[in-house]
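In the numbering used here, the protein residues as written are 1187 to 1435. Think of the CB as a built atom: it goes at the ideal place given N, C-alpha and C, for glycine as much as any other residue.
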């Protein structure tokens, strides 16, 4: 996925962040809880937890909220069980979607996700129907700013383990292998670089270019899925048109 379409999604989420902050924190809290439950509460020995903490920090989640979710996952504040389920299918214009969820009721979540696909003119598929088009990668976004040296940022990223660095409009997109993600995040933060976003993502090997009408339909489908508390992440291979949505921001 190009930096443009990736950043479009991040900007769209940021634009709604104030109204949806509670919902975002609820989703992140579930991820933290499950990561701690599966691998323990120490991020130094639990790489999955460390990665989710980085994601939560870039979303401006307070540390006391992060710590409380970790403690719940470790069983210190009561036992809660969530199941991780992935859904795959096609949306408008043949756009491929992967939807990750954390749920305590798989029937409810499956019904809601299926409804979101069908309402958007898409269809839910079987496991593996689109996953082959995607590769798991770390995606770090840094906004361009005065005093931030592009070459220095690139060298820091590559030396720490990133395998791609792309300047694009007003951001830098840094792609890492999953195993290098935490190290690159730490190196950038240790050098005082503010991250706009940092998360493990599913990057498509090819994209579907959209016109304005199709982009609106795909965006509505993403919103429907994101609005579900059980849905953690929505990945797709849509390529939004240049400048699309700017008049709405």
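From what residue to what residue does the beta strand (DSSP E) around residue 1274 run?
-> Against the chain shown, residue 1274 aligns to sequence position 88. Taken as a continuous stretch (DSSP letters only), the beta strand (DSSP E) holding residue 1274 covers 1269-1276.
In chain order, what residues of the same chain lie with their CB nearer than 8 Å to the CB of residue 1398, ignoring the 5 residues before and after it?
-> Numbered from its first residue, the chain shown carries residue 1398 at position 212. The residues are 1427 and 1430.
Is it the case that the CB of residue 1414 approaches a heavy atom of the ligand NAD more closely than 7 Å?
-> With respect to the ligand NAD, the structure offers nothing, as it holds no ligand at all.
Where does residue 1361 sit, in a helix, a strand or coil, going by DSSP?
-> Locating residue 1361 in the chain shown gives position 175, counting from the first residue. In this structure, residue 1361 counts as strand in the three-state DSSP scheme.
Within the same chain, show all residues whose beta-carbon is closer than 7 Å to that of residue 1242, passing over the 5 residues directly before and after it, in chain order.
-> The residue you call residue 1242 lines up with position 56 of the chain shown. 1214, 1218 and 1252, listed in sequence order.
Rounded to whole angstroms, what's the CA-CA distance from residue 1396 to residue 1362? Just pull it up for me.
-> Here residue 1396 corresponds to residue number 210 of the chain shown, with the count starting at 1. Here residue 1362 corresponds to residue number 176 of the chain shown, with the count starting at 1. Rounded to whole angstroms, residue 1396 and residue 1362 show a C-alpha spacing of 27 Å.
Spatial distance of residue 1295 from residue 1327 (CA atoms) | Along the chain shown, read from residue 1 onward, the residue named residue 1295 stands at position 109. Along the chain shown, read from residue 1 onward, the residue named residue 1327 stands at position 141. Distance from the CA of residue 1295 to the CA of residue 1327, rounded to the nearest whole angstrom, comes to 30 Å.
When you compare each of 1375, 1302 and 1283 to residue 1425 by their alpha carbons, which one comes out closest?
-> Your numbering for residue 1425 matches position 239 in the chain shown. Ranking 1375, 1302 and 1283 by Cα distance to residue 1425 puts 1283 first.
Which stretch, first to last residue, makes up the alpha helix (DSSP H) that contains residue 1259?
-> Translated into positions along the chain shown, residue 1259 becomes position 73. That run of the alpha helix (DSSP H) goes 1249-1259.
Local Cβ density within 10 Å of residue 1247, reported as buried at 16 or more and exposed below that | Against the chain shown, residue 1247 aligns to sequence position 61. Classification of residue 1247: buried, given that the 10 Å Cβ count is 16 or more.
CA-to-CA distance, residue 1261 to residue 1401, given in whole angstroms | Counting from 1 along the chain shown, the entry for residue 1401 is found at position 215. Counting from 1 along the chain shown, the entry for residue 1261 is found at position 75. Those two C-alpha atoms are separated by around 43 Å.
From residue 1415 to residue 1390, what distance separates their C-alpha atoms?
-> Here residue 1415 corresponds to residue number 229 of the chain shown, with the count starting at 1. Here residue 1390 corresponds to residue number 204 of the chain shown, with the count starting at 1. Going by C-alpha positions, residue 1415 is about 25 Å away from residue 1390.
Endpoints, alpha helix (DSSP H) assigned at residue 1375 | Within the chain shown, numbered from 1, the residue matching residue 1375 stands at position 189. From DSSP, the alpha helix (DSSP H) with residue 1375 extends over 1367-1376.
Spatial neighbours of residue 1309 within its chain, please: CB distance less than 8 Å, with the 5 preceding and 5 following residues excluded, ordered by chain position.
-> Residue mapping note: residue 1309 aligns to position 123 of the chain shown, counting from 1. Only 1275, 1276 and 1303 meet the Cβ criterion.
Between which two residues does the alpha helix (DSSP H) carrying residue 1404 extend?
-> In the chain shown, residue 1404 corresponds to position 218, counting from 1. In the DSSP assignment, residue 1404 falls within the unbroken alpha helix (DSSP H) covering 1398-1412.
Going by other Cβ atoms of all chains shown within 10 Å of its Cβ, with 16 needed for buried, is residue 1412 buried or exposed?
-> For the purposes of this step, residue 1412 is identified with residue 226 of the chain shown, where counting begins at 1. With a 10 Å radius around the Cβ and a threshold of 16 neighbouring Cβ atoms, residue 1412 comes out buried.
Do residue 1386 and residue 1367 have their CB atoms nearer than 8 Å?
-> One-based indexing of the chain shown puts residue 1386 at position 200. One-based indexing of the chain shown puts residue 1367 at position 181. Yes, these two residues count as a Cβ contact at 8 Å.
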